[in-house]
Amino acid sequence: MKRNFSLSLFYYCKVETFPQKPSSRVTVSVLDVKMGHTLLCVLGLFLLNTLPYGHAEVSNRASLTLQPNWPQIFSGETITLRCEIDGGGDTQWTYEWEPTSSNTQSSTHSEYRTIRAQWSHSGDYRCKGRKDSYSSTEWSDYIRLTVSSQRPKAQLRADDRDIPVGGSVTLTCSVNPSSSGWKYFWYRGKKTSEPLTTPDVVFLSTGQIRVSQGGLYWCRGGRGDPVYYTEYSDPISINKIFENKAVVTLQPNWSEIYRGEKITLRCEIKDGGDTEWTYEWKTTSSRKPSNQNEHSIRSTTVSHSGEYSCKGRMKHAQQS
1 MKRNFSLSLF YYCKVETFPQ KPSSRVTVSV LDVKMGHTLL CVLGLFLLNT LPYGHAEVSN
61 RASLTLQPNW PQIFSGETIT LRCEIDGGGD TQWTYEWEPT SSNTQSSTHS EYRTIRAQWS
121 HSGDYRCKGR KDSYSSTEWS DYIRLTVSSQ RPKAQLRADD RDIPVGGSVT LTCSVNPSSS
181 GWKYFWYRGK KTSEPLTTPD VVFLSTGQIR VSQGGLYWCR GGRGDPVYYT EYSDPISINK
241 IFENKAVVTL QPNWSEIYRG EKITLRCEIK DGGDTEWTYE WKTTSSRKPS NQNEHSIRST
301 TVSHSGEYSC KGRMKHAQQS
């Protein structure tokens, strides 16, 4: 422990002369002794102030930690700065903080300092502990806090958009910009629905699931306590291929069609039952049919020539 002292020195000198012959001149020399004179000097050494002034530094060291210690913080997340005194024991410490940001209120009576992060909280932070009015630790090392002003958005990818008969597809969710500590929440149908659980999907690893049901899928990330959520991902539509087979029929089923004739193309789902379907057509002609199960041509032309195919999609898989 370093202490500073104030030291004051006083010199008091007294000169006495013994009787001499009368003279019109008397000579006195201070700090010098000559015949016929006695120089009595008194040296006063006084310690006017033996108490420390300013403050004294104690040997304990202050260290500052960030919890959770994520490499990137986003606006709205809750974080904690903690000032710890190594070997502090049972000493009742008070704390001093030095943020470069003026938007954060510091507390001298708590080792914790919780922040609902904003971009304005970005800056360098440090702390120290104080035993009493005259003694404290040195300042801790700085911790740099960088807060991103925008909420991140989840990104969703699928290894395939069509689920084969008896098969599945894998969905991958990630957060951009990337960071750490994320858990992922999955949704099918509306974003406001409850997150998917184990009976609905197979969880492969953090950020990956395997699905065997068609529909519209979303995801988002979350971390911390309370949970901080990212923006929802853009949706991905997954189509399930059923054993039902789509068949195109031509009416009337003539081998040759002439210009000006009326024909109808119909898409039929074998064993479709009472299921409600929507329909998609593919053709090599320059005239694409509408997404109905029937496509009628009132007066054929050469531009209608080509190959036609169709498929059916269950309506409930299209909810958004």
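Per UniProt numbering, the sequence shown starts with residue 1, numbered consecutively. Every residue gets a Cβ at the ideal spot worked out from N, C-alpha and C, and that includes glycine. Since the model is a prediction, treat every value here as computed from it, not as a measurement.
What are the start and end residues of the beta strand (DSSP E) that includes H304? No beta strand (DSSP E) holds H304; DSSP gives it neither H nor E.
Which one of R220, K311, D234 and K183 has the shortest CA to CA distance from A246? K311
With distance defined between alpha-carbon atoms, name the residue in D132, S178 and Y184 nearest to G207. Y184
The beta strand (DSSP E) enclosing V248, as first and last residue numbers: A246 to Q251
Who are the near neighbours of W182 in its chain, counting only those whose CB is closer than 6 Å to its CB and skipping five residues on each side? V175, G221 and R223
Under three-state DSSP, which class holds W186? W186 sits in a strand when the DSSP states are folded into three classes.
Along the chain, where does the beta strand (DSSP E) that runs through W218 open and close? G215 to R223
Which same chain residues, not among the five before or five after D200, have their C-beta less than 6 Å away from its C-beta? none
Is it true that the CB of V211 sits closer than 9 Å to the CB of S179? no
I79 versus T146 - alpha carbon distance: 12 Å
What's the C-alpha gap between K190 and V302? 45 Å
Less than 6 Å between C-beta atoms, sequence neighbours within five positions excluded: which residues of the same chain meet that for G260? S299
Nearest by alpha-carbon distance to Y228: which of A62, S75, L64 and L196 is it? If we check each option's Cα against that of Y228, S75 comes out closest.
Just to confirm the assignment, what range does the beta strand (DSSP E) spanning Q67 have? A62 to Q67
Would you say P235 and W218 are within 9 Å of each other, going by their C-beta atoms? yes
Taking the C-alpha atoms as reference points, what is the distance between W70 and T170? So the two alpha carbons sit approximately 28 Å from each other.
Pair within 9 Å by beta-carbon distance, S305 and I263: No; because the gap between Cβ atoms is not below 9 Å, this pair is not in contact.
Quick one: give me the first and last residue of the beta strand (DSSP E) that S205 is part of. Counting along the chain, the beta strand (DSSP E) containing S205 begins and ends at V202 to S205.
Secondary structure of A154, DSSP reduced to three states: Residue state, collapsed to three classes: strand.
Mind checking who D162 pairs with in its DSSP beta bridge? According to DSSP, D162 bridges with N239.
Nearest by alpha-carbon distance to T114: which of I85, T65, S148 and K128 is it? T65
Rounded to the nearest angstrom, what separates R161 and E294 at their Cα positions? 26 Å
For Y279, is the classification buried or exposed, using 16 other Cβ atoms within 10 angstroms of its Cβ as the cut-off for buried? buried
Residue closest to S149, alpha-carbon to alpha-carbon, out of E111, E243, R116 and Y134: R116
Rounded straight-line distance, which links the Cα of W186 to that of I85: 43 Å
With 16 as the cutoff for other CB atoms within 10 Å, does V202 come out buried or exposed? exposed
Burial state of V165 (16 or more Cβ within 10 Å): exposed
Strand pairing of E280, partner residues [DSSP]: In DSSP, E280 forms a bridge with K311.
What does T78 pair with, by DSSP beta-bridge criteria? R116
Nearest-angstrom Cα separation, counted from T230 out to S193: 16 Å
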